[in-house]
Amino acid sequence: MPRISFTVNCEYARISELIPGLLICGVSELTLDNMIKHRITQIINATTEVPNFRFLGNIQRTKLWLEDTPQTYIFPEFDAISDQIHTLIQNGGRVLVHCVAGVSRSATICLAYLTKYHCRSLREAFHLMCRTRVRVRPNIGFWKQLIAYEQLVKKTVGSVRLIYEESQEEKLIPDVYLKLILAERPQSPTEDENGNRPLLSIDGRVRRGSGKRQRFQPVLEPLPENIEAFA
Numbered sequence: 339m340p341r342i343s344f345t346v347n348c349e350y351a352r353i354s355e356l357i358p359g360l361l362i363c364g365v366s367e368l369t370l371d372n373m374i375k376h377r378i379t380q381i382i383n384a385t386t387e388v389p390n391f392r393f394l395g396n397i398q399r400t401k402l403w404l405e406d407t408p409q410t411y412i413f414p415e416f417d418a419i420s421d422q423i424h425t426l427i428q429n430g431g432r433v434l435v436h437c438v439a440g441v442s443r444s445a446t447i448c449l450a451y452l453t454k455y456h457c458r459s460l461r462e463a464f465h466l467m468c469r470t471r472v473r474v475r476p477n478i479g480f481w482k483q484l485i486a487y488e489q490l491v492k493k494t495v496g497s498v499r500l501i502y503e504e505s506q507e508e509k510l511i512p513d514v515y516l517k518l519i520l521a522e523r524p525q526s527p528t529e530d531e532n533g534n535r536p537l538l539s540i541d542g543r544v545r546r547g548s549g550k551r552q553r554f555q556p557v558l559e560p561l562p563e564n565i566e567a568f569a
């Protein structure tokens, strides 16, 4: 069998129980011991590159075949997979959703489920996840689709907005990231005397923010931990 190797941050990838019966992790936590310890009854594999490992035993699997790119169309998966997770948990099951790093694809699936069944809004779902996860970073394409999904299932204008962020390749971030921005930015000529600068929402509204905003870090970064797994 070919050897499969992934580089992940084990702190980001660790197993977290978001609500009773719904867990999330990265690939490094996919061990038989963890499946037994957490009493996992269903695994949802949100990747193309990670196989459904035989060494995890006879646990039921669902594979979604998702790429972690802004262009990946994940929206059609939200309703069916959220309903599946809900039914499993209601029947006493324990569902583990994983991707490679445990920060983007798997987080997106969990956010969709939490938004539909557990939380009042997508924003609330994000903050719920952040209480147990070190890093929750769906890519910007996934965020656009999550925002649309919240509008669909909650029948509202949505609780999360995309705002202009010049440091990002696509120039957009969800506004829930603002408090997580890490690197300070020098003052811009557009800032006022109080250090405030306008933030442009994608709907054209101007919003005010602190001039001492910091640069948001990307979804994935060079990480030292290596794991090896065998199909």
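Just add 338 to wherever you are in the sequence shown, counting from 1, and you've got this note's numbering. Glycine residues also receive a C-beta, built at the ideal position from the N, C-alpha and C atoms. All values derive from a computational prediction rather than experimental measurement.
(1) Taking the Cβ atom as the reference point for each residue, do Phe416 and Ala445 lie within a distance shorter than 7 Å?
(2) From the DSSP output, in three-state form, read off Arg399 for me.
(3) Going by C-alpha to C-alpha distance, which of Arg471, Ser442, Gln483, Glu488 sits closest to His456?
(4) Please check the pair Thr385 and Val438, which I expect to be a contact at CB under 8 Å, by giving their CB distance rounded to whole angstroms.
(5) What are the residues that DSSP puts in a beta bridge with Leu355?
(6) Is Glu508 closer than 7 Å to Ile478 when the C-beta atoms are compared?
(7) Do three or more CB pairs link the region 451–470 to the region 401–408 at distances below 8 Å?
(8) Since Pro512 is in the beta strand (DSSP E), which residue starts that stretch and which ends it?
(9) At what residues does the beta strand (DSSP E) containing Leu490 begin and finish?
(10) Pull up the CB-CB distance for His436 and Leu368, whole angstroms please, since I reckon it's below 8 Å.
(11) Just curious, the alpha helix (DSSP H) that His465 is in, first and last residue?
(12) State yes or no: is the C-beta of Ile412 within less than 7 Å of the C-beta of Gln483?
(13) Comparing C-alpha positions only, which one of Gln422, Arg499, Leu356 sits nearest to Gln398?
(14) Return the first residue and the last residue of the alpha helix (DSSP H) that Ile423 is part of.
(15) If I measure Cβ to Cβ from Pro560 and keep anything under 7 Å in the same chain, skipping five residues before and after, which residues do I get?
(16) DSSP beta-bridge partners for Leu500?
(17) Can you tell me where the alpha helix (DSSP H) with Phe372 in it begins and where it stops?
(18) For Asp371, count neighbouring Cβ atoms within 10 angstroms of its own Cβ and tell me buried if that reaches 16, exposed if not.
(19) Using only the alpha-carbon positions, how far apart do Glu461 and Leu361 sit?
(20) Quick one: what does DSSP say Ala447 is sitting in, helix, strand or coil?
(21) According to DSSP, simplified to helix, strand and coil, what is Leu404?
(22) Excluding the 5 residues flanking Ser497 on each side, which residues of the same chain have their C-beta closer than 6 Å to its C-beta?
(23) Which value, in whole angstroms, describes the spacing of the CA atoms of Ile501 and Leu510?
(24) Could you tell me the alpha carbon to alpha carbon distance between Thr470 and Cys363, rounded to whole angstroms?
(25) Which residue marks the beginning of the beta strand (DSSP E) containing Leu434, and which one marks its end?
Based on what the coordinates show:
(1) Reading the sequence shown from its first residue, position 78 is the one you call residue 416. Reading the sequence shown from its first residue, position 107 is the one you call residue 445. No; because the gap between Cβ atoms is not below 7 Å, this pair is not in contact.
(2) The count along the sequence shown starts at 1 and reaches residue 399 at position 61. It is a strand residue.
(3) One-based indexing of the sequence shown puts residue 456 at position 118. Cα-wise, what sits closest to His456 is Glu488.
(4) Mapped onto the sequence shown, residue 385 falls at position 47. Mapped onto the sequence shown, residue 438 falls at position 100. About 6 Å; that satisfies the 8 Å criterion.
(5) Counting from one through the sequence shown, the residue named residue 355 turns up at place 17. A small correction: the amino acid at residue 355 is Glu; Leu does not occupy that position in the sequence shown. According to DSSP, Glu355 bridges with Leu361.
(6) Stepping through the sequence shown from its first residue, residue 478 is reached at position 140. Stepping through the sequence shown from its first residue, residue 508 is reached at position 170. In contact: Ile478 and Glu508 (Cβ atoms closer than 7 Å).
(7) no
(8) Mapped onto the sequence shown, residue 512 falls at position 174. It spans 510–512 - the beta strand (DSSP E) in which Pro512 sits, taken as one unbroken run.
(9) Mapped onto the sequence shown, residue 490 falls at position 152. That residue, Leu490, is in no beta strand (DSSP E); its alpha helix (DSSP H) goes 478–492.
(10) To locate residue 436, count along the sequence shown from 1; it is residue 98. To locate residue 368, count along the sequence shown from 1; it is residue 30. Going by Cβ atoms, the distance from His436 to Leu368 rounds to 6 Å, so yes, they are a contact pair.
(11) Position 127 of the sequence shown, counted from the start, is the residue given in the question as residue 465. Segment 460–468, the alpha helix (DSSP H) holding His465.
(12) Along the sequence shown, read from residue 1 onward, the residue named residue 412 stands at position 74. Along the sequence shown, read from residue 1 onward, the residue named residue 483 stands at position 145. A contact, by the Cβ cut-off of 7 Å.
(13) Sequence index remark: in the sequence shown, residue 398 carries index 60 (1-based). The residue with the shortest Cα to Cα distance from Gln398 is Gln422.
(14) Taking the first residue of the sequence shown as position 1, residue 423 is located at position 85. Note, Ile423: alpha helix (DSSP H), 413–428.
(15) Mapped onto the sequence shown, residue 560 falls at position 222. Confidence at Pro560 is low in this model, with a pLDDT of 37, below 50, so the placement of that residue is unreliable and no value is reported for it.
(16) The count along the sequence shown starts at 1 and reaches residue 500 at position 162. Answer by DSSP bridge pairing, in chain order: Pro512.
(17) The residue labelled residue 372 in the question sits at position 34 within the sequence shown. A small fix is needed here, since residue 372 is Asn in this sequence, not Phe. Taken as a continuous stretch (DSSP letters only), the alpha helix (DSSP H) holding Asn372 covers 370–375.
(18) What you label residue 371 is simply residue 33 of the sequence shown in a count that begins at 1. Per the 10 Å Cβ criterion, exposed.
(19) In the sequence shown, residue 461 corresponds to position 123, counting from 1. In the sequence shown, residue 361 corresponds to position 23, counting from 1. Per the sequence presented here, residue 461 reads as Arg, with Glu not at that position. Spanning the two alpha carbons is a distance of roughly 19 Å.
(20) Looking up residue 447 in the sequence shown gives position 109. A quick correction: the sequence has Ile, not Ala, at residue 447. DSSP places Ile447 in helix when its eight states are reduced to three.
(21) For the purposes of this step, residue 404 is taken as residue 66 along the sequence shown, with counting starting at 1. Here Leu404 sits in coil by DSSP.
(22) Here residue 497 is taken as the residue at index 159 of the sequence shown, counted from 1. Cβ neighbours of Ser497 beyond the five flanking positions: Ser459, Leu460, Arg461.
(23) One-based indexing of the sequence shown puts residue 501 at position 163. One-based indexing of the sequence shown puts residue 510 at position 172. Their Cα atoms are separated by approximately 5 Å.
(24) In the sequence shown, the residue the question calls residue 470 occupies position 132. In the sequence shown, the residue the question calls residue 363 occupies position 25. Looking at the two C-alpha atoms, the distance is approximately 11 Å.
(25) Looking up residue 434 in the sequence shown gives position 96. That run of the beta strand (DSSP E) goes 433–436.
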